[in-house]
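Residue numbers (my numbering), protein chains in the order written: chain C, 3 to 406; chain D, 3 to 406; chain H, 3 to 406; chain L, 3 to 406. The beta-carbon is built from N, C-alpha and C at its ideal position, and this holds for glycine as well. Notes follow the structure.
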């Protein structure tokens, strides 16, 4: 039997698309070579730069997925056979490394624990150990590991690269952080920062977005791999006049403009980041109240966009997820790959507010109980409410302290 | 600052319009004299009869509001000057009586307490006392008082009319019950049962709907007041072929078809009623856990579509409502007229599920705390969860016992 | 077999709802007692006044149909039994008079030819002949007869009333003219000007709109018929704060705001009127090129919103309409009542441009040929094109001459 | 000043997205790892196979553009350095060859005239001349050249390959033909047939679609270029259960299901092809009536999805296009690259009917006149009407004869 009312889509992306954005896309296709379209492009790109935290960078949009963003970030700046330093601390950092291998790069993949952040000292150590024969051409970093709920400190990683005196490119995956957790492309001196449309940007899937540093642009001018679809040169060239070298995903771009209005012009990015921090703290307080463990090992790396919750020994997280979906219309994220059955993930990114979080937490509690995991009904909800009813000033103070 | 994510519209109507219904209405207007339109009408009317609980009755649809439904129910069967028996047990029963007076009827309006149901014995007593000079031509009953959260027992009222041996018409307002609480037009031998589109039918406002008994139809053929827009005769005549005597609200009718598919064909009406009972029990358990009072005096008349909660002496329910809206994006119903400031109303009708109720209850708790009304955070949510996690079989058993 | 592509809905209303307006309505219902809603009301009313051509008048909106607008215009200002002067020069003027009779008024209905305008001298003569015993309390005028395609000169009728020295109220139906042909409520000193949402305002059906003079307002304060739903007093009172005394048709009001933005703020009303004149001239040139007759007798009263085309003796206009619909996806208006089978009507009002008119004319030509009415293919299209390719300056000159 | 009413988007893609399809996409995102999504995939793939004309082939969908489809078709089956035979007979065949070069293939690009079809004998001659040292691994064919309006005969090209006794892969671009002109993947023994979503499939841009033969699948298993995003192996593997290896473009897939229902289940593919032939004949008759030249040299290769019209010496097609857009809201396709300014293109593919074609032709006539190109107003419209009013039986007879 189908469930009445609104379903709670609380996977860590795709996220809920606000009605306003759906409406912005529910429109006739326009001629992508006409003046209306050119204006659209010119409105979007500067707003996106704010979201990436860049003045110097160049933003590139592809009609593609986040997987495509990985590929775009590599083939434009790295020649086949070049060496890449990657770290495996979750499903997506593993897949990013695999993508690079599939594309013909020589990938050094350092294993870490899933639940661990990417430690800056590990990066430094590996770069220092580089004997320079086929030196590392790039370091791959996943800012926010969507499989484990860990946000690594990219600023510290940049410092580590500098400390090692290495000039490897810094390529940062911000798929599940951008527009929800602050991204600082310029401050990090990232070379390529990449994301997809279906997470913090509150859009349906279908766009890959990159922010490219001048250094990376230069690499792309002469070097890189043989490429066509992901070649950013013709896109950047045609974007100057507001156009694309091929038919762009017009409706998603209309949606993107609306999303950027909401995030940058109306709510304001610092408020967006503060809201995600506050909602995440509520979820984490609930997990603690339930007596369950956050897969992320250290509190300072807790992700503000999703929380991976470890179920007790003997319990099956897939069963919790099934009950949540079938009985309560609540979609949670599964444990991926090697942590399948051991964790469920609560997404708390994109368009979201306190009451939706409370409904979600209430649903998780009921699904846990019905799956045989003993928690006290209402305990997590109450823990979150206690945070949500703090005075705004307290939250503001907290904001300064907690800023990553 | 606007609030991110989905707002919680939990007033007792208009209710949340499901996306499916919005989509069904987001379409080009069709020719209301063409064959596609005729099919639409012919699909809708039989499904509506099921919702009204009728085989014998005739359903009439007006492009109007619930207020218009009151007028339509009166002017077709009653001549100006005829006497009407009405009872004041809430804002809407009061307005229904005033409507009748405005239209030139001689209304006997019996005062009752707001929070009280309409007692069958009161009806019987007044009808027995009728001296027959200008006998009561009709009795007005509001099935579910939207201002107080009280569902009266229309079956018992019918029995009372019979017991008094009186032949007054029985006119029943089911504006906030139909399609959420079972309505039994035939079993009640109601003469006119009336409603609007924006409550249990999950549509935007804009339609008035009536179910008319053969006896009422006959009255309307020759009697009634001078009338035009609300005259049901030309509508019923043209509906035979699937048309309307004037331009109908085409888009709302497309929405109505979708709503009826969802309620009658997919979820099933008995499941719809059971769902509303279960959600209402959850809300009532929360109110009890908070230590607050339900305005409805007797548990057997608690409404399954809304709950009017009395705030403690010294508190201002308007303040609770303001905080809920401004801080949490939660819309609650105000105390109307003489109970302004003393109650807030939680709507739990239409498209709704457990998690939405938990989010709502969690929001009410926070709004109460922030308005200075002491309640234990999470207590109401937990009370509701305890009911929602009962086994379905228990719910089923309950269903038999609790059926009004 | 269904027809691919976009259907041509060219009946004289409901008209095509632009995508922008559909999107504006494709949204969650809001609380009609909240601040967002109040702002909406306050934005709409002043823009509507511009469309009615009034400074002094008060605009009232009902969730109802055009038929309801007739009733509202009568019951607020006239007491049952009062005498009304009406003229029968088409289906809708006949129905307006019948509505008044149904509501208990004493209607003098003067027969005229269908195809004729309402002659000012007829009005004057009847008012002069008024012996004052039960004097005419109101004169009913249909500005644009939707059944015949005739636009009467309301300014001249006002002069005739003045010339007769009579103080009857002037009630004007502008259902199929408002927002497409200029309406001058103040200049005409109309007492009530009425319309519906589904014509020039480009909305789905569901709203009745009135503009009320101070004199009519005063009448309504004490006089009028027993009334409730159509009583404008509580609406005007609550509108001051942006609210309605009952649940308004919220989504249509969102659509109305968008429509008014398009008409008043973007295109500009004088451009809207000029566009309709130009498109209508194109259609009329086509009718002449086909050798067919316009039902409207005198060119100076040709309607700019629709054209009723008389088919030759022996032909059946219903057959032309059937072929147009089934073969070409083109909806045309039927001949109503006594002219059934003798005319078809081409609607050219609302959201419409030259190319849509050419497609329509091309479709009419093919439907005529396939129904056995001999016309030269392309002849009407060419005649319209010749007008549409005139220099804008010529059109402007024309505009001054042709202004009604 | 913006233009009222519906714009005529008659570029050769993106095409008009029907309201039904927009509605199907105007919906909440679903969990792409949940059962609802799996059903969607399983509904879509078999219907797509019908559109590709295949039983044996495997359909693969990417969230990408048509450009991406080119890349996908190459990198899965060809290793860098392999030799490819391509022909330049228009802008898109030129770009397809350039794509292959960009990806590191050794491309032999045979120049032809723009306006010419791809002659089977040219293919045969080049394959026969292959000395086998680095033999042609693939032949690239653009079925319908969108820049010139020429549909080549892929069946004859297949015969030529066979006649030459060559085993090069046959890779066919059907971007602007599929779902409007019949595509016969199996009968042609094509190895990869590729398209995008924004043409005959009536969707917004954003999907690349491939049909892959068993032989090509096998090549892809072991060979091909280093690849990741466009690697079809994981997609085909996950599609078995209804899923994708990465986040798919969910909303476009909902739209695709609706489009396939309309094309395959409701209208029927043979009717779709017949409709496009009939509409195209109407457009071509108009071009002839205007005395203008079709860029396509031979009538037997005229495209049924677009017509490239050559403007007379001294005229500028960009000016015609500008006037059409600015004065009449009509979007036409420009002359691309080396034929810029010399042709304008009328798209007549996707959701389209006779009246839309007549409106378009009428608009082209007016734009020509206003740009100083002398044509007789109405002449093209009449020529099309004469074809559109032929008896259906004549059309049916024609259908058999004209089938490519």
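From the beta-carbon of residue 28 (chain C), the residues of chain H found nearer than 7 Å are 25 and 28. Linking residue 364 (chain C) to residue 379 (chain C) through their CA atoms gives a straight-line distance of about 8 Å.
Beta-bridge annotation (DSSP): residue 304 (chain L) is paired with L:152. In the DSSP annotation of this structure, the continuous segment of the beta strand (DSSP E) that includes residue 175 (chain L) starts and ends at 171–175. Here residue 37 (chain H) is exposed, its C-beta having fewer than 16 other C-beta atoms within 10 Å. Bounds of any beta strand (DSSP E) do not take in residue 249 (chain H), whose DSSP letter is neither H nor E. Chain order gives the chain L residues near residue 371 (chain H) as 391, where near means a beta carbon separation below 7 Å.
For residue 111 (chain H) and residue 96 (chain H), the gap between their C-alpha atoms comes out near 8 Å. Less than 9 Å separates the beta-carbon of residue 237 (chain L) from that of residue 63 (chain L).
Under the 8 Å Cβ criterion, the region 54–71 of chain D does not count as touching the region 149–160 of chain D, having fewer than three qualifying pairs. According to the DSSP assignment, residue 275 (chain C) belongs to the alpha helix (DSSP H) that extends over 271–292.
The Cβ atoms of residue 266 (chain C) and residue 49 (chain C) lie closer than 9 Å to each other. Residues of the region 49–71 of chain L whose Cβ lies closer than 7 Å to any Cβ of chain C, in chain order: 65, 66, 67, 68, 69 and 70.
Contacts with chain L at 9 Å (Cβ-Cβ) include residue 20 (chain H).
DSSP places residue 54 (chain C) inside the alpha helix (DSSP H), whose first and last residues are 37–54. Here the region 358–372 of chain H does not lie against the region 162–177 of chain H, with fewer than 3 beta-carbon pairs under 8 Å apart. Residue burial annotation: residue 373 (chain H) is buried, with at least 16 other C-beta atoms found within 10 angstroms of its C-beta. L:147 is the residue among L:221, L:204, L:147 and L:99 whose C-alpha sits nearest the C-alpha of residue 338 (chain L). When 8 Å is used as the limit between beta carbons, residue 279 (chain C) is near no residue of chain D, the shortest such separation being about 13 Å. Sorting C:228, C:193 and C:205 by C-alpha distance to the C-alpha of residue 217 (chain C) places C:193 at the top.
Counting only residues of its own chain and dropping the five nearest sequence neighbours on each side, residue 269 (chain C) has no CB closer than 7 Å to any other CB.
Listed as beta-bridge partners of residue 110 (chain L) by DSSP are L:87. The continuous stretches of beta strand (DSSP E) do not include residue 375 (chain L), and DSSP gives it neither H nor E. Neighbours of residue 11 (chain H) across chain D, judged by C-beta separation under 8 Å: 30, 31, 32 and 33.
Residue 198 (chain C) is outside the set of residues whose beta carbon lies under 9 Å from a beta carbon in chain D. Listed along chain D are 35, each with a C-beta nearer than 9 Å to that of residue 336 (chain H).
Taking the Cα of residue 145 (chain L) as reference, the smallest distance to any Cα among L:126, L:245, L:190 and L:163 is reached at L:190. In terms of beta-carbon proximity, residue 118 (chain H) stays away from the interface with chain L, with every pair separated by 9 Å or more. Any Cβ of chain H closer than 9 Å to the Cβ of residue 385 (chain L) would place that residue at the interface, and such an atom is present.
For chain L, none of the residues of the region 151–167 of chain C brings a beta carbon within less than 9 Å of one of its beta carbons. When C-beta atoms of the region 335–349 of chain H are compared with those of the region 241–255 of chain H, fewer than three pairs fall below 8 Å, so the two segments do not count as touching.
Judged by DSSP secondary structure, residue 143 (chain C) falls within the beta strand (DSSP E) whose first and last residues are 138–144. Among the residues facing chain D, residue 355 (chain C) is included, as its CB has a counterpart in that chain under 9 Å away. Each residue's CA atom was taken as its position, placing residue 198 (chain D) and residue 7 (chain C) some 20 Å apart.
Sequence-distant partners of residue 26 (chain C) (beyond 5 residues in either direction) whose C-beta falls short of 6 Å from its own C-beta, in its chain, are 256, 257 and 260.
Going by DSSP, residue 219 (chain D) is part of the alpha helix (DSSP H) stretching over 216–224.
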